[in-house]
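Some notes on the structure that comes next.
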Amino acid sequence: YIAGGTDLLVARQQGLRSPVRLIDTTSVRELRGLEETPEGGLRIGAAVTLEDLRRRVSEPGAQPGDSMLSDLLAELATHQVRELATVGGNLLQDKRCAFYRNGFNCYKRGGWTCPCYAVLGDHRFHHAVIGGHRCQAVTPSDLATGLLALDAVAYSEVSGPEPTRRRAIDKLYAGPGEPDLAPGELLTMLEVPVEARTRPAAFEKLRLYAGDFAVCSAAVSLSLDADGVTIADARISLGAVAPKPYRAELSEKRLQGTSLEDDTALKEASWAWATDAHPLLHNVWKVEAACGLLLRTLTRIAETERLASG
């Protein structure tokens, strides 16, 4: 399948894909829907362009979860790319590892007897610091990072006894930039629940230059008690640090029951996930950068809530 083609056509030039036939999905009306559900959630067709989605979630009076997506999309690639690239294409794009993309006969291109050149090569920016194994690449989609924090659900369809599959965003991947889709299976829709749209949320991203893929990113969505400061529950997703979008569950647990105004608790939570990190020699700094980025994201939510409460 092809939609915007911003990744597939490049991958074909790089020898990573050699499709004999391509099915254009951009004119399929059912894949281009962008609407609220009867319950107040947001339903996003897989063929909706990134810019159309950005405009929709940037409308006046947007809910906090929508505003987080708006900030995320505004930093994603360039305006020209967003006008062409689609939601489904962004989620399912291939890994950005420079060795994989530039003809090295690595583990993912040449098979299990081949090495991961990133282990001893340049792995400073776009490789894993947690969860990496034979391949140290990461899933490059910022959108996946944000949607995971918003408890979004992905729907796909395939011929067979169970034609529709429903799963969380992180379950959409079998590996770094490797969709867990059967032959012929098509990602059709994403849905953000109403509860996630109304929760305080924020996104932050570290990149080398404007329009670049994330070196690391953080998306946070919080459920607050009636007092407006006690954190009842948290969803924290880190991008570009692991083979799949990473749920920082240790950080989430550290936040539960703490106050949004407790700077010490926010700092401790920002570092909690790092106890499981195992970076390579030259990307240890990414662990610290991701922790700092997460703290910035939490602090941003705290400041927004403080201003909103007067």
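Counting from 1, one number per residue, gives the positions in the sequence shown under our numbering.
Quick reminder that beta carbons are idealized off the backbone N, C-alpha and C, glycines included.
With fewer than 16 other Cβ atoms inside 10 Å of its own Cβ, Lys253 counts as exposed. Note: Gly175 is bridge-paired with Glu178 in the DSSP secondary-structure output.
Scanning its chain for C-beta atoms nearer than 6 Å, with the 5 sequence neighbours on each side dropped, one finds no residue around Gly257. For Asp7, same chain residues with a beta-carbon under 7 Å away, outside a window of 5 residues either side, are Gly89, Gln93 and Asp94 in chain order. Cβ-Cβ distances below 6 Å link Gly175 to Pro243 in the same chain, with the five nearest sequence neighbours on each side left out; the list follows chain order.
Under DSSP, Ile44 forms a beta bridge with Leu34 and Leu190. In the DSSP annotation of this structure, the continuous segment of the alpha helix (DSSP H) that includes Tyr100 starts and ends at Ala98 to Arg101.
The region 210–287 is shown to contain whole alpha helix (DSSP H) runs of 4 or more residues at 249–255 and 263–272, in chain order.
Judged by DSSP secondary structure, Tyr155 falls within the beta strand (DSSP E) whose first and last residues are Val153 to Glu157. About 6 Å separates the CB atoms of Ser70 and Arg54; that is less than 8 Å, so the two are in contact.
Per DSSP, Arg166 is one residue of the beta strand (DSSP E) stretching across Thr164 to Ala168. Below 8 Å, enough C-beta pairs join the region 186–203 and the region 152–166 to call them touching: three or more. With respect to the 9 Å criterion, Phe203 and Leu50 are not classified as neighbours on the basis of their beta carbons. CA-CA distance, Gln136 to Gln14, rounds to 20 Å. Each residue's CA atom was taken as its position, placing Asp151 and Gln63 some 15 Å apart.
Nearest Cα to Trp273 within the set Tyr117, Ala3 and Ile130: Ile130.
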